[in-house]
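This report concerns only the one structure given below.
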Amino acid sequence: MSAQSLSAATTPTTSETKFYTWKDFRCAYEIHPSEGANSDRLSLLLIHPIGVGLSRRFWDRFTTKWFNNGQTETIFNPDLLGCGESEMPHFAYHPTDYAEQLHYFLENVVKKPVVVISQGALLPVAIALVQKQSKLIKGLIFAGPPAWEIMTKPRNSLQQKLVWNLLDSPFGNLFYRYARRNQFLESFSERNLFAEAEAVDESWLQTLQQGAVDPRSRYAVFSFLAGFWRKNYAEDIASITQPTLVVIGEEADSISNKDKPENPEERLISYVKHLPNGQGNIIPGRNVLPYESTTEFVEVVAEFCQTLG
16 MSAQSLSAAT
26 TPTTSETKFY
36 TWKDFRCAYE
46 IHPSEGANSD
56 RLSLLLIHPI
66 GVGLSRRFWD
76 RFTTKWFNNG
86 QTETIFNPDL
96 LGCGESEMPH
106 FAYHPTDYAE
116 QLHYFLENVV
126 KKPVVVISQG
136 ALLPVAIALV
146 QKQSKLIKGL
156 IFAGPPAWEI
166 MTKPRNSLQQ
176 KLVWNLLDSP
186 FGNLFYRYAR
196 RNQFLESFSE
206 RNLFAEAEAV
216 DESWLQTLQQ
226 GAVDPRSRYA
236 VFSFLAGFWR
246 KNYAEDIASI
256 TQPTLVVIGE
266 EADSISNKDK
276 PENPEERLIS
286 YVKHLPNGQG
296 NIIPGRNVLP
306 YESTTEFVEV
316 VAEFCQTLG
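Here the numbering used here is used: the first residue of the sequence shown is 16, the next is one more, and so on.
Below you can see the structure in the form of structure tokens.
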């Protein structure tokens, strides 16, 4: 995908930031209805990735393209605790924490059927959410999910705690200050996230820098780096009965060099064969498909939503 096609998107849709309270924490979200949106149709619930500066702003490009493409499904776009405009308490976050937050959000704010879209390694949050709330979830979409080996190879709990303790220290504070520098963000994005270096645009870098201004945002990032999300999810994935779409990038790779190499076709097959009602697509891009391959991603999501009615 060329840099020119990436820059062709219009200014992201704007929506008033709203808040709800969950467990005494103030949590932020947006609702994006298109003009003439049909409230009877399925809505989308977006789960943003976690990383330095990441928040619900990750989905801005997708949201804009979604409505420019003529789609009428309403989008619910929340900030997870510790990210964006939600509160940032000092504790180690686990996928079940986020699933509980989103479960409350579904039950008390959305209150209607949704298609859940998870990005990357936040897939465990979607898995935990569907286990807590299957009634309102009519379908799921895994955008750029991790390598199958990562999703089925647990990390030792002692190792997780050791990494967390190391990062939750003055050393970690210094590391986070280093990691939110523009040079680091650009280099990391080029090496690990995007298929083409020129796709790492100014909009992307500014969003990350702005999202990392508050040093308390490091707790969610450190929880992710500690690997509290790592366990064997094979049985959990096999228990998902809702229609599920898996979308893999043509140049998808793993952020872990220790795991066995896996090409996109193998990854897609691994997920689909374990899902009772799964299907898949491979589209251009690498690991952040809703941002780098927005047009193609919107198209496959729209087609999937049409099959759900």
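Glycine included, every Cβ here is placed at the ideal spot set by N, Cα and C.
- Assignment of Cys-42 by DSSP, reduced to helix, strand and coil, places it in the strand class.
- Around the beta-carbon of Pro-160, 16 or more other beta-carbon atoms lie within 10 Å, marking it buried.
- Considering only His-289, Thr-32, Ser-30, Lys-153, the residue with the shortest C-alpha distance to Ser-254 is His-289.
- If you draw a straight line from the Cα of Glu-318 to the Cα of Gln-86, it is about 11 Å long.
- Rounded to the nearest whole angstrom, the CA to CA distance from Thr-259 to Trp-219 is 28 Å.
- As the crow flies, the alpha-carbon of Phe-106 is around 21 Å from that of Phe-34.
- The alpha helix (DSSP H) runs lying completely inside the segment 142 to 218 and spanning 4 residues or more are 163 to 167, 172 to 182, 185 to 194, 197 to 207, given in chain order.
- Annotated as proximal: Pro-230 and Tyr-191, with beta-carbon spacing under 8 Å.
- Distances from the alpha-carbon of Leu-240 to those of Leu-137, Pro-299, Lys-38 put Leu-137 closest.
- Taking 3 residues as the minimum length, the beta strand (DSSP E) runs contained wholly in the segment 67 to 118 are 90 to 93, in order along the chain.
- Of the other Cβ atoms in all chains shown, fewer than 16 fall within 10 Å of the Cβ of Ala-212; this residue is therefore exposed.
- Here Ser-149 has no same chain residue with a Cβ atom under 6 Å from its own Cβ, once five neighbours each way along the sequence are excluded.
- Counting only residues of its own chain and dropping the five nearest sequence neighbours on each side, Gly-242 has a CB closer than 6 Å to the CB of Arg-170, Gln-175.
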